[in-house]
Amino acid sequence: MPKQHEPSYRPKPITQKQAVVPLSKLLPKNATRSLEDRRPARKPTRHDEDDDDGAEAISMIIRRMFGYNPNRYRDDDDDDSDMEANFDDILREEKQNAKIAKEEDEEELRKIEEEQRRERLRKQAKKCKLSHQ
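The structure is reproduced here in structure tokens:
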């Protein structure tokens, strides 16, 4: 039996003429125009000065609701100007802090000694109680 020739299903290579054809060349001129006409027109954007007044009015309403007064905080920038310290100020503060720390340590030591003394007295009382029975 002779072999039959099977048809080829390979895609044909794209020629230079078929490569890229703009849509406007494929469609008639009136068809492209109708596509553009179907698109909704953009609304012109405008900046109203009334919008700014509305934002300020809203801010004022919120400030009244919460009792916020921005004028109260207007001159707070000057408060940190007094925060400069020289070496003598630092030494004086360190000496004062050392004195406070020493007093706190002594108080804590007194509390510990008092607690130990009470514990010894409890143990002695317990021994005496057990020995008298």
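Numbering (full-length UniProt numbering), first residue to last: 1 to 133.
Note that beta-carbon positions come from the ideal geometry of N, C-alpha and C, so glycine has one too.
It should be emphasised that the depicted structure is a prediction, and the values quoted were computed from it without experimental measurement.
Residues of its chain near residue i, where Cβ-Cβ distance is below 7 Å and the 5 sequence neighbours each way are ignored
{"i": "Ile58", "result": "none"}
{"i": "Ile100", "result": "none"}
Residues of its chain near residue i, where Cβ-Cβ distance is below 8 Å and the 5 sequence neighbours each way are ignored
{"i": "Pro70", "result": "Arg63"}
Own chain, CB closer than 6 Å to residue i, minus 5 neighbours either side, in chain order
{"i": "Ile61", "result": "none"}
| query | Which full runs of the alpha helix (DSSP H) of 4+ residues lie inside the stretch 72-133, going along the chain? | reply | 87-131
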